[in-house]
Amino acid sequence: MSDNITVAGVSVDTRHWIGGRRVASAGTFTDHSPLDGCVLGEIARGGPDEAAAAVAAAREAFPAWAATPRAERARILHAVADGVEKRIEELAIVETTDNGALLRSHRRGVMPRVAHNFRFFADWLLRLDHEDFETRGHTNHVSWDPAGPCVLITPWNAPLMLATWKVAPALAAGNTVVLKPAEWSPLTASLLADIAAEAGLPAGVLNVVQGYGSEIGDALTSHPDVRRISFTGSVPTARRIAASAAANLTPLSLELGGKSPLLVFTDADLDLAVDLAVEQYDNAGQVCLAATRLLVEEPVAEEFTRRFTKKASALRQGDPRDEGTDIGPTIHPRQLDKIDGFVQRALAGGARAVIGGHRKDGQYYAPTLLTDVAQDSEIVQEEVFGPVLTLQTFAGEGEAVRLANDTRFGLAATVATGDRERAERVTARLVAGTVWVNCFFVRDLRAPFGGSRQSGVGREGGTWSFDFYCDLKNTVTAPEGWDQDHG
1 MSDNITVAGV
11 SVDTRHWIGG
21 RRVASAGTFT
31 DHSPLDGCVL
41 GEIARGGPDE
51 AAAAVAAARE
61 AFPAWAATPR
71 AERARILHAV
81 ADGVEKRIEE
91 LAIVETTDNG
101 ALLRSHRRGV
111 MPRVAHNFRF
121 FADWLLRLDH
131 EDFETRGHTN
141 HVSWDPAGPC
151 VLITPWNAPL
161 MLATWKVAPA
171 LAAGNTVVLK
181 PAEWSPLTAS
191 LLADIAAEAG
201 LPAGVLNVVQ
211 GYGSEIGDAL
221 TSHPDVRRIS
231 FTGSVPTARR
241 IAASAAANLT
251 PLSLELGGKS
261 PLLVFTDADL
271 DLAVDLAVEQ
281 YDNAGQVCLA
291 ATRLLVEEPV
301 AEEFTRRFTK
311 KASALRQGDP
321 RDEGTDIGPT
331 IHPRQLDKID
341 GFVQRALAGG
351 ARAVIGGHRK
361 DGQYYAPTLL
371 TDVAQDSEIV
381 QEEVFGPVLT
391 LQTFAGEGEA
401 VRLANDTRFG
411 LAATVATGDR
421 ERAERVTARL
431 VAGTVWVNCF
441 FVRDLRAPFG
451 GSRQSGVGRE
461 GGTWSFDFYC
471 DLKNTVTAPE
481 GWDQDHG
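1 is the number of the first residue of the sequence shown in the working numbering; add one for each residue after it.
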């Protein structure tokens, strides 16, 4: 078996990246493209041995990287960003081939954002400071000390961008990293290892190990030398990670998806509200932040549905490499089966498909809107992670907020209204880590990001990232006696 595969003309190494070198495994797993189901290649399948080797490499590299001056760490991260920008086209086509998201989005938004992630946290590191304060004449000085090796486990729906949301601040903070990408979309993580090495990141500071779920995950998350774990994915997997980390009391940051609402009030700009609703089909609905529950005030529900149906029906579904495509395929046959299972059970339970409600050829699922759904039904309460929305109506703010908050999740919410005071009243009562008003998916890295309830634990972004990836230290110095001790 060759150690390299060629994907859309780009060479990708299928081995792990551990301690600054490529490492093979005895076993492999097959990576398929969602575009046509073809085999992209055989990927090194790691297990406990590879996990131990990666953590050992990260532990060995940690003291020198932690001691590296901030300005030098920032310089190297900017060099990584430079490398990403030079290879945007390669990264875009490889990721589209590997996970099925739109090529135009990767070119214009996602991969430039990957570079921005490194630049932002490099720059934030240089301005990271806390004003000293006094207590009875004693000076308090707060510092952010690097924590140690970090295990970062990332999902398949936006592989490189979501990985670098974690990798960039962890490295900026002075930590070393073991990155475990999702097995359904591992390829751009391998390219990131190449880019980081070319940028001068020292050996062992970034390690990339591939493998299937718990085969390697348990060994990583239970390792006593791991100081931080950040995970984006499902609630059941998060429970397993939390149990694994518990023995060592390893701090966790968990982003676990959601079942977010879009509240449309009578005074909203209906065209804007429809645009926001249709936008939820982005990436074939495989977006953790997606507002999949449309909650529409009764007087405008009929007109909203008419306009939504017209706009959504015009979406073009097909090859994500085509500039005119709006919706690509789902990532994997298992995900397609899961989506269809949700929809068919809902239809059998009395829901009505306004549009969609069925599979299409290949790994495509028709954009779907379901009505006549009960609040306690599975389709309203559980995350589908596909191009499936539900529509319910409400009468007044109180019912809108009650329906919006009536799930076990709390990642995000979107509100469409023309009344600023109403927006303030409603957003104050919503349970969500992020609330958008008359907009969607505006993400500033200076802001905290994370979920409430079972949508996650902790916040990352800006200083919150450094609070997580560092051990915060407060040094208290007495006001007198210093000169006598030191001349």
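No residue lacks a Cβ here, since even glycine has one placed at the ideal position from N, Cα and C.
Query, Result
"Taking its Cβ as the centre, do 16 or more other Cβ atoms sit within 10 Å of Asn175, making it buried, or is it exposed?", "buried"
"How about Ala203: is its Cβ closer than 6 Å to a heavy atom in the ligand ADP?", "Absent from the structure shown: the ligand ADP. Ligands present: none."
"State the DSSP-derived secondary structure class of Gln375, mapped to helix, strand or coil.", "coil"
"Taking the alpha carbon of Gly456 as the reference point, which residue from Cys288, Pro169, Ala314 has its own alpha carbon closest?", "Cys288"
"Where does Ala447 sit, in a helix, a strand or coil, going by DSSP?", "coil"
"Work out the CA separation of Pro236 and Ser253 for me, nearest whole Å.", "15 Å"
"Specify the secondary structure class of Arg429 as computed by DSSP and reduced to three states.", "helix"
"Looking at the structure shown, is Ala413 part of a helix, part of a strand, or coil, going by DSSP?", "strand"
"DSSP three-state call for Gly456: helix, strand or coil?", "strand"
"Comparing C-alpha positions only, which one of Glu480, Asn474, Ala478 sits nearest to Val142?", "Asn474"
"Could you give the DSSP three-state label for His116: helix, strand or coil?", "helix"
"Just the Cα atoms here: how many angstroms apart are Ala52 and Trp165?", "24 Å"
"Given that a residue counts as buried once 16 or more other Cβ atoms are within 10 Å of its Cβ, and exposed if not, what is Gln210?", "buried"
"Within the chosen definition, does the region 415-432 reach the region 128-141 through at least 3 CB pairs nearer than 8 Å?", "no"
"From Pro333 to Trp65, what does the alpha carbon distance come to, in whole angstroms?", "42 Å"
"Just confirm the distance between the C-beta atoms of Val300 and Phe342, as a whole number of angstroms; I'd bet it's less than 8 Å.", "That pair is no contact at about 27 Å."
"Pull up the DSSP beta-bridge partners for Gly27, would you.", "Arg45"
"Compare the C-alpha of Ser11 against each of Ala413, Gly27, Leu40, Ala197 and name the closest.", "Leu40"
"Could you check whether Val401 and His223 sit closer than 7 Å to each other, using their CB atoms as the reference points?", "no"
"On a Cα-Cα basis, can you pick out the residue from Ala58, Gly233, Ala79, Arg240 that is closest to Gly204?", "Ala58"
"Which residue marks the beginning of the alpha helix (DSSP H) containing Asn99, and which one marks its end?", "88-99"
"Output yes or no for whether 7 Å exceeds the beta carbon distance between Ser185 and Asp218.", "no"
"Can Leu160 and Val94 be called in contact, C-beta distance under 7 Å?", "no"
"At what residue ranges does the region 135-205 contain a whole run of the alpha helix (DSSP H), taking only runs of 4 or more?", "159-172, 187-198"
"Among Ala246, Arg104, Gln454, Ala189, which has the Cα closest to the Cα of Pro320?", "Arg104"
"Could you give the residue range of the beta strand (DSSP E) that holds Ala242?", "From DSSP, Ala242 is part of no beta strand (DSSP E) but of the alpha helix (DSSP H) over 235-246."
"Going along the chain, which residues of its own chain have a beta-carbon closer than 6 Å to the beta-carbon of Ala284, five neighbours each way excluded?", "Ile327, Gly328, Thr330, Pro387"
"Here's the rule: buried if 16 or more other CB atoms are within 10 angstroms of the residue's CB, otherwise exposed. What is Thr30?", "exposed"
"Is there contact here, the region 394-409 with the region 346-365, by at least three beta-carbon pairs under 8 Å?", "no"
"Evaluate the contact criterion for the region 117-129 versus the region 64-83: three or more CB pairs, one atom per stretch, below 8 Å.", "yes"
"What does DSSP give as the partner residue(s) for Tyr365 in the beta ladder?", "Arg359"
"State the DSSP-derived secondary structure class of Asn438, mapped to helix, strand or coil.", "coil"
"I need the DSSP call for Lys259, collapsed to helix, strand or coil.", "coil"
"My output table needs one value for Gln280: the three-state DSSP class, helix, strand or coil.", "helix"
"So, is Pro261 buried or exposed, given that buried needs 16 or more other C-beta atoms within 10 angstroms?", "buried"
"Roughly how many angstroms separate the alpha carbons of Asn207 and Asn4, rounded to a whole number?", "18 Å"
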